[in-house]
Structure formats: C-alpha cells, structure tokens
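**Student:**
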Amino acid sequence: MNDLGKKLTKMAFEDLKADYLLVVRQEHGDLAPAFISKDEDVGEVRFDAPYQLVTVLSRIYPHIPTGKIAIVSRKCDELAINELTKRGILDEKRIVKIGLACDGHTADKCRCPDPKPSKVDIGEPVKGIPEDPLVAKLMKMTLEDRLKYWVRQFKKCNKCFGCTANCPVCFCENQCVLGERTLVSEKSIPPGLAFHLVRSFHMSDKCIECGECERACPGDIPLLALRRMVHADMKEMYKFVPGDPKTVSPLLTTLEGEVMEDEHNVC
Amino acid sequence: MSTMSVRHVLTTCPFCGCGCNFYLQAVGNKLVGVVPDKSDVISQGRLCIKGYNAHAFVQHPDRLIHPLIKEGSGFRKATWDEALDRIVSEIKRISAKYGPDSIAVFSSAKCTNEENYLMQKIARAAVGTNNIDHCARLCHASTVAGLVYSFGSGAMTNSIPEFENANCLLVTGSNTLETHPLIGARMLRAIYGGAKAIVIDPRETALSRVAHMSLHQKPGTDIAWINGMARIIIEEKLYDKEFVETKTAFFDEFSKAVSEYTPEKVEEITGIPKDKIVEAARLYAKSDKAMIAYSMGVTQHSNGTEIVKALANLALLTGHIGKESTGVNPLRGQNNVQGACDAGALPNFYPGYQLVANAEVKSKFEKAWGKPLSDKVGLPMTVALQLAAEGKIKAIISFGENAMMSDADITHVQKGFERLEFFAAVDIFPTETTKFAHVILPAACYAEKDGTFTNTDRKVRRVRKAVDAPGEALPDWKIACELGKRFGAPGFDFKSPSEIMDELASVAPPYAGISFDRLENEILTWPCTAKDQTGAKILHVGGFKIGKGQFALSKHAPPAEETSEEYPLILSTGRNLFQYHTGTMTRRSPNLEREAPEPYVEINNEDARALGISEGDRVRVTTRRGSIAPVARVTDRILKGVLFIPFHYAEAAANMLTNPALDAAAKIPEYKVCAAKVEKA
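Protein chains in written order, with our numbering: chain Y, 114 to 380; chain F, 496 to 1176.
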C-alpha cells in the first residue's frame, strides 16, 4: 500500500465510516479500477488515468444491496452522482465522495472548464480551460461546413456503443433508445446520422460533459464537442445545466401548469 | 454487515486476434460487466461491441455443467471418471485395432497456449499420431505455408500500433473495421491523418468508404491484380533495386512471370479499371511506410497459398518489409489462432514451428517427452474429416471445434461424424457438433481459468480467472492432464498453466524467454528467445533468417467452381461485426444478438431487381451442395453477380453451401468462391 492508499483508506473507512472504497490502482503494470472493502489491501493507488469511476460503480451498484460506498470523485464524477441521485438511480445516503482536484494535464486533455470539486480532499486545484477550442472552431464554420465535418467524423463510428457503455449517466440498460429499430437500423456500419443525433438529444438533460464518450471512441470522434454544442442550446433556451443537485430537467417540467386542452379527446 | 467481494480482473478478449485487454467485473461469483483497460497498449481503453459484451455468454444457463455419455438417442449424466475412462479405453481400443493414425485430435484457437501445447502433446506423446490440427486450417493455413516460403515466418511482420503511422495501407480481403475493429481504428487514425489507403474487396466496407482508393475485384481473381501491380512497379522502375539484389532470390524468373499481366489483361480478368491498377501500384511503391494487411479474403481460396505469396512478392519487390510501419500483415481471426499454431497444434510442426519431418527435431522431442514419436506428418483437419467420411479416420477427440458449422459442405462433414466409431467433444456449450459425440466433457471458458493467448501481433497476453466455472466444468488444461495421465503417458502432472508455459518455453525457441512471472509486469512479443529480452516488435529487420526472401511465380487460375447457367452468381462467406464465427457465444449475448439477429444474404440491387427480390424478402440460396433460406439485404455495396452470407447462423448455415475444394499446399477450403443461385422462397 502506498502513502496515497493509506490516506484514502483512513479517510474512507475511519473518517467517513464507509464500507467500500472505489479507486484506481496499479495492477499487473496497468491501471485498474479497484472496489475494496475495509479488510482488503487497497494497493498502489494512482490518479493519472481518467477512469470515470461512477460508470464503474453503476454496474456494480445493483449487486451491492447495502453499505456505504466511498468514491474518489473528480468534479465530473460529482456532477454525475448528482444527476443519478436526483433521478433515484443511486441512493444519496449510501454514497460518500472523496474530492479529487484534477491536475493541469488532465484538465487540458479533457478541455475541462471546471476541474475543481466542491470539496477538495486530494490534489491541488488548477484553473480550467474557459472555452473548448474545438467548439469555438466549429461554431465559426457555416452550418453546411459543420454538417460536412460531422458526417465525415461519423463515418468512423463502428457501433461499439462505447459512448454509452462508458457514460456515467447512461442508465437505460436494456431499454436503450439506440436499440430502437425505427431510429437505428440493425444493418452494418457506420450507422446513420440518427444514431448520433438521437443520442445527443436523449442525453441533453443528463450529460455532465465529462468527455468519457470521446475518450472511449475507437474512431476518435470528438463527441465531447458535439455534446457541448447541444448543451449550449439547453442552457440558452431553458437555463438548464445537467449535474445540478436540485434543478429538474426542463424536459420533465415544461408542461407543468399548462392547460392540457385535448386531455379528454380520443385520438 | 458482511461485505461483498468485488473484483476487476485484467484479462484478454476471447473474440478476435486483436488481443485487447480489459477488466472483467465480478461481484461474488457473478460477472456483471466489462471495463476497458485505459493503459492497454493495444486497445488504449477502447473496445468493440463484442469486447463490451464479452461477459454476457459466460454464465448463460445453456452452459455444459457435467460430463455426458450418449445413451440411445440422447445423453445421460456421467461422472468425470467414467467419461474420461470411456474416452481413453475407446481410443486405446481403436488404436490397437486400426493403428494410432486412425485417430485425430482437434485442438482449439479459443483455448490457451498452454492448453494447445497439451492437446498436441496428447496426440503425439499419448496417442502416438501427428494428426493434430485446429481451426487455423480454416483461416490462415495458407498464410503459414505462403509466408514461410517467402520470408521464413508466417506471422504478422509488424505490431498493431504501427498501422496508425503508415502513410500507405494496402488492405485486401479484410473487412477490418468489422472483423478487427481495434486494428481498423488504428487504420482510421492513419487515414484521417492523411495516409492513403487502397482497399481492394468485392464488397464496399466501412473502411473502403473512407479510403483513398476503393477497388472491387471479381472474387477469385486476386493473383491477376497483384501480379498486374508488380508488372507496373517493375516496368516503371519503381522497385527497390538494392533490396531486390541483396535480400531476395528469383527476381528474374518473377519479373518474366508477371510480364504477361498487362493492365488490359488484368482489367479483363478482375474487372478493376486498368488505370486504377496503375495508380494503386505507383502509390504503394512510392510510399515510404507502406503496410499490407489482409485476411480471409486472401487465404480462403483453393489457391490461397499462391495469393499470399503473390502479396509477399509486392513487399519483396519494393523493400516494404522489416521496417517501422512497413510490412506484410495477415490479421489473425481467432483470439489465439497465432498461439495455437505457435504451441504446435499443427500436423507438420512441433511447438515453435519445428518440422515433424526433421529427424533431429523428433529426437529432441522424444527426449523432452520421454516417449517414442511418429515420424509421419499428420493430417490437416479438413482432410481428416474427409477421410472420416471414407471410413479411414475412426475416432476424433475435439476440443471446442464446431465443425458442423465451420467446415465447408456440412452435409458431407456430417457423414464423417456419423461414420466415426468414437467421437469425444469438449466444449462450453452444446453445439451442432457435440450432437454427434459419444462423450461430451464440459469445459471452463476464458473467464474461468488462467493461461495466455497470443494475439495477431505476437504479443503473449495473460488470461486470468475471474469467476468459478459452472457445475463440474473444468479448464481444458486440467482435462488434457487427466487424459494424458490415463493414457499412461509421462509429463502430464502439471499443477498450473504457469508450469505448462515453462515446459513450452523450454522446447519452443520463439517462446524461450517467456514465463508467467515476466508477464506479470512486462509486454512480451515472440520471438522472445531469452529472459532478458522483450521480443521482436518487427520481423525481418535487416534481412531474412532464411538467407534471402524468395519471389514466387504465382499464376492466376480460376476458382475450383465457376459460375454456370444454372448457378450464375458467385457466393462468398464471412463474418459480420456483431456475431462471432459459429455463434455459440455471441448468439447467447443479448446485445450482440439484438444487432444481428437474423441470417441474411447480401445481393446487388441490379441482381435483386432482375430476380424480383426486394429488401427483407425470404429467399432460397442454392449451390451444388445444399440450400438455405436467409432474408435478402439488397444493397449497392456488393459487386453485381456476387452474394455474401455470414456463417454465424445455424438456422441458415452458410457452410451448407460452400465448396470443400482445398488449397493444394495448405488444405484450406475455398469459402470465398462457389457458384450459387437465388430465388424467392
């Protein structure tokens, strides 16, 4: 166990009274997610691989019925946890966060505007990147050129579903909208434009811009930029930003209070 | 509160030859998911859809959970002792009556190196025959035969990451983005970074659509366009004169042999416009980092070995070999097809490609294994199955081979199985083939055992146990040890796969430096001949171990079966992205089955129109050997006159139709060309 490991196990199991701890550690020469209980050795803890630990947790969580889980959370993990607890996917009382401030290299790589968690337990906070340079470049293009750019990028999609599999706020499991045949045919690759657009709109009130979809894409499609461009609209039109612990998605609230004129009409 | 045990177990993907590493997530003994490995040199934290679903079939309720013995028309549960004793007594009886060469052992490219080593040891040291083979016979047998002639080694000459730095990619007979997605991803990176790709395939593929040149040859005409390119390279003096003079042999004969392949003649044979051949030849020859990648579209022909040699000729001519991002790269299909060959599961090679026919090699292995060995080269799997139908092969022990789906002309293969006096099958699921077994043994799958797979770029990668095998199922290496001991052969007392690897390393020079200890923290690539080396990333640097690279005089020849009035279309078979081979694993994985649930035939728009066939129609596809009824996918992405059917679907098995004609040297069947007709069902 290294020093960071000692610090984290003390924090998780003594200070926060957690039953489990989720971290990244070095194992077999590689960087591995590790979900340990109090009596296990946490090993050589590392933080230089941006695993989205909330994604790692989301598949284990349904199989762990009780106990408190301490999770090392970057700012993006924190936002994802907010989004999932708000929607009742995770139980707020069972999750405790150990705040990790990302380093400058990680913030650069993720083009992250805000790499500092609400409470910093480890790491030295750095300033974020105020504007995604790729988004800025794309916004300067004509609509026509922008479409051409994306069509060329989407030609690299080989339907691995890595963008959903690695997404911390994708929770539809076996009811994934991308399995809906009228939107996405089962034929070979690349899938049509609908695949990416349907996912973009579907994620527009959940995506917390962690960029894991982009990092997981074998085709290097800049999916984070696509998400950000959709979100700019969400923010402008509905004043809504996913990841806020309280605000509910505008997609669920816009009809509230409005008269449902045709409510009793039979179609 | 009692806590649950949660593990993330680093292992190697069980599907294609890319050899991506990932973590299996297990809670207690339940597999719950797959997490990509961000630090993996191959996958870089990315996977394909099969990788993400590699946990899904493992704990499926259909798994075989105890040994079975045939009784009447069904099977009854048996103990391990009874089942193993039955196999050994039957094989001994048959061997005593007809001789050991009446028996064949099939190992499996899905199994580990250690297991394949033991399976060939059972055949050779316990049964006493070199009749050991596996499904490499059906995929890259022609590569081994061809590239061993040309370069002295049948392996990929470069590593997977090198694809992204090439500036010319010549890809033929490989639908790389579907069949080797993470290699395809490297190619995409090269192409989007400005590299020029030439894709030559009868079908339009996801890769060809972003390539600089996408050319479509009539199936079965590859040697013509390859020789055509060689002719232009020689005629325009674009070849590497110094390389040819110092590193190669038979240039003059070669030069003369290809001179007849004029662009006009090539266009006539292949259908590729003549100016395109010229352009492709110039592009390949003039690029300084040019990589050839190919797969089954090249190898699965009745002259597959000759096509492989012809491709190798191009690299010899231009000196495009033995350098960074420059070489000839056969992309292996199965996760461990490279390793199964390395471990000696071939009828003509001992482990490490040491010839069975060489008396010195034989005596080395007799000393190592403490048994007299046969000097007779064994039978390839395809030939053994044909001889079974003739009553000359009497018994087969098969580890994981689903021949009733994967071999050409299944109707004939079935005759072979029906005629066997004894057939023992080891598998993880009941298959179309295990139906014919007298004894079935339940095996552990990749997630339930330790070992190594060798991927297509020769990296020896660890497989680690994540969960317990279901019921009484055992890992194949334990089954092989039990069988070996019961045959009374020495050298089957292994306590772990690590010990087996140590023995493999002691007899196979390319693996001499490899051990489980080292694999804990090091990336090892064969040839790795000493404990202080990590192995050769690039083969043939500075020249060829066999002295000189050899030009071959490959000639265009028509396929074994040509179209006729009754069968006017050419049928080609292969894989799709979502299913894998005979579907045993992927069709039990809900997310994969969701994407490709139904057998289909791809047919060109114009052909479909002429036959009155629309998208989604049920059609009947017939060849001289059989008939199946898939649905039609009408598309302009396949050449007119050509059909494509994936071979994953038992309910419309493509191999009911395929031609069992074999390549003379490699005995690989011609899966890529046979004559067919289509009608509305």
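Each residue gets a CB set at the ideal place from its N, CA and C atoms; glycine is no exception.
State the DSSP-derived secondary structure class of F:T947, mapped to helix, strand or coil.
**Tutor:** Correct three-state label for F:T947: strand.
**Student:** Considering only their Cβ atoms, is the gap separating Y:P146 from Y:L166 smaller than 8 angstroms?
**Tutor:** In this structure, Y:P146 lies closer than 8 angstroms to Y:L166 by Cβ.
**Student:** Can you name the start and end residues of the alpha helix (DSSP H) that Y:L134 belongs to?
**Tutor:** Per DSSP, Y:L134 belongs to no alpha helix (DSSP H); it is in the beta strand (DSSP E), Y133 to E140.
**Student:** Compute the distance between the beta-carbons of Y:K118 and Y:E157, then report whether it is under 8 angstroms.
**Tutor:** Lys is not the amino acid found at residue 118 of chain Y; the sequence shown has Gly there. Going by C-beta atoms, Y:G118 is nearer than 8 angstroms to Y:E157.
**Student:** On a Cα-Cα basis, can you pick out the residue from F:N831, F:Y1095 and F:H1035 that is closest to F:G647?
**Tutor:** F:G647 has its Cα closest to that of F:H1035, out of F:N831, F:Y1095 and F:H1035.
**Student:** So is Y:E127 in contact with chain F if we call contact Cβ pairs under 8 angstroms?
**Tutor:** Not one chain F Cβ lies under 8 angstroms of Y:E127.
**Student:** Just to confirm the assignment, what range does the alpha helix (DSSP H) spanning F:T800 have?
**Tutor:** It spans G799 to T813 - the alpha helix (DSSP H) in which F:T800 sits, taken as one unbroken run.
**Student:** Tell me whether the beta-carbon of F:L812 lies closer than 8 angstroms to the beta-carbon of F:I787.
**Tutor:** No, Cβ-Cβ distance for F:L812 and F:I787 is not below 8 angstroms.
**Student:** Quick one: using the 10 Å Cβ neighbour count with 16 as the cut-off for buried, is F:D628 buried or exposed?
**Tutor:** Counting Cβ neighbours within 10 Å, F:D628 comes out buried, since at least 16 surround it.
**Student:** Find the nearest neighbour of F:T607 within the set F:H815, F:L665 and F:A835, judged by alpha-carbon distance.
**Tutor:** Here the closest residue by C-alpha is F:A835.
**Student:** In three-state terms, what does DSSP make of Y:Q266?
**Tutor:** Y:Q266 falls in the helix class under three-state DSSP.
**Student:** Near F:R959, which residues of its chain fall below 7 angstroms by C-beta distance, leaving aside the five closest residues on each side in sequence?
**Tutor:** Closer than 7 angstroms at Cβ, skipping near neighbours: V504, L505, T506 and D945.
**Student:** Where does F:G723 land, buried or exposed, given buried means 16+ other C-beta within 10 angstroms?
**Tutor:** Under this definition F:G723 is a buried residue.
**Student:** Distance check for F:A1007 and F:G512, CA to CA, integer angstroms please.
**Tutor:** For F:G512 and F:A1007, the distance between alpha carbons rounds to 22 angstroms.
**Student:** Give, in chain order, every unbroken run of the beta strand (DSSP E) that is at least 3 residues long and sits entirely within the segment 1020 to 1073 of chain F.
**Tutor:** Counting only runs of 3 or more, we get 1064 to 1069.
**Student:** Can you list, in chain order, the residues of its chain with a C-beta nearer than 7 angstroms to that of F:A984? Leave out the 5 residues immediately preceding and following it.
**Tutor:** Excluding sequence neighbours, F:A984 sits near A620, A621 and K866.
**Student:** Does the segment 953 to 967 of chain F come close enough to the segment 518 to 528 of chain F to have 3 or more Cβ pairs within less than 8 angstroms?
**Tutor:** At 8 angstroms Cβ cutoff, the stretches touch.
**Student:** Should Y:C320 be flagged as near chain F, meaning a C-beta pair shorter than 8 angstroms?
**Tutor:** By this cut-off, Y:C320 is not an interface position.
**Student:** How about F:K533: is its C-beta nearer than 8 angstroms to some C-beta of chain Y?
**Tutor:** True, the Cβ-Cβ gap to chain Y drops below 8 angstroms.
**Student:** For a contact defined as C-beta to C-beta under 7 angstroms, what are the partners of F:N830 on chain Y?
**Tutor:** Ordered by position in chain Y, no residue passes the 7 angstroms Cβ test against F:N830, which lies about 17 angstroms from the chain.
**Student:** How is Y:V379 classed by DSSP in three states: helix, strand or coil?
**Tutor:** Bear in mind that the predicted position of Y:V379 carries a pLDDT of just 46, short of 50, making it unreliable; the figure below should be weighed with that in mind. Here Y:V379 sits in coil by DSSP.
**Student:** Flag Y:K199 as yes if its beta-carbon sits less than 8 angstroms from any beta-carbon of chain F, otherwise no.
**Tutor:** No - not a single Cβ of chain F is within 8 angstroms of the one on Y:K199.
**Student:** For F:R641, report the span of its beta strand (DSSP E) as first-last.
**Tutor:** Note that residue 641 of chain F corresponds to Gly in the displayed sequence, not to Arg. It is not in any beta strand (DSSP E) - F:G641 instead sits in the alpha helix (DSSP H) that spans A636 to S645.
**Student:** Going along the chain, which unbroken runs of the alpha helix (DSSP H) with 4 or more residues stay wholly within the segment 158 to 184 of chain Y?
**Tutor:** Whole alpha helix (DSSP H) segments, 4+ residues: 166 to 173.
**Student:** Who are the Cβ neighbours of F:V666 in its own chain at under 6 angstroms, not counting the five residues just before and after it?
**Tutor:** If we look at F:V666 and ignore the five residues flanking it on each side, its Cβ neighbours are V694 and A788.
**Student:** With DSSP as the reference, label F:Y845 as helix, strand or coil.
**Tutor:** Residue state, collapsed to three classes: strand.
**Student:** According to DSSP, simplified to helix, strand and coil, what is F:S500?
**Tutor:** Here F:S500 sits in coil by DSSP.
**Student:** Please specify which runs of the alpha helix (DSSP H), each continuous and at least 4 residues long, are wholly inside the segment 294 to 326 of chain Y, giving them in chain order.
**Tutor:** Counting whole runs of 4 or more residues, the segment 294 to 326 of chain Y contains the alpha helix (DSSP H) stretches 306 to 315.
**Student:** Span of the beta strand (DSSP E) holding Y:S231?
**Tutor:** Run containing Y:S231: none; DSSP gives neither H nor E here.
**Student:** Please report how far the alpha carbon of F:G540 lies from the alpha carbon of F:V851, in whole angstroms.
**Tutor:** Roughly 42 angstroms separates the two Cα atoms.
**Student:** Using the rule of at least 16 other Cβ atoms within 10 Å of the residue's Cβ for burial, across every protein chain shown, is Y:V379 buried or exposed?
**Tutor:** Residue confidence is low: Y:V379 scores 46 on pLDDT, short of 50, so the model does not pin down where it sits. Its coordinate-derived value is still stated next. Per the 10 Å Cβ criterion, exposed.
**Student:** In chain order, which continuous runs of the beta strand (DSSP E) of length 3 or greater are located wholly inside the segment 871 to 905 of chain F?
**Tutor:** As far as the segment 871 to 905 of chain F is concerned, its whole beta strand (DSSP E) runs of at least 3 residues are 890 to 894.
**Student:** Taking all protein chains shown into account, do 16 or more other C-beta atoms lie within 10 angstroms of the C-beta of Y:F314, making it buried, or fewer, making it exposed?
**Tutor:** The residue in question, Y:F314, is exposed, as its Cβ has fewer than 16 Cβ neighbours within 10 Å.
**Student:** So what's F:Q712 in DSSP terms, helix, strand or just coil?
**Tutor:** The answer is coil: DSSP assigns F:Q712 none of H, G, I, E or B.
**Student:** Helix, strand or coil: how does DSSP classify Y:R187 here?
**Tutor:** It is coil, neither helix nor strand.
**Student:** What is the DSSP secondary structure of F:K616, counted as helix, strand or coil?
**Tutor:** Reduced to three states, the DSSP call for F:K616 is helix.
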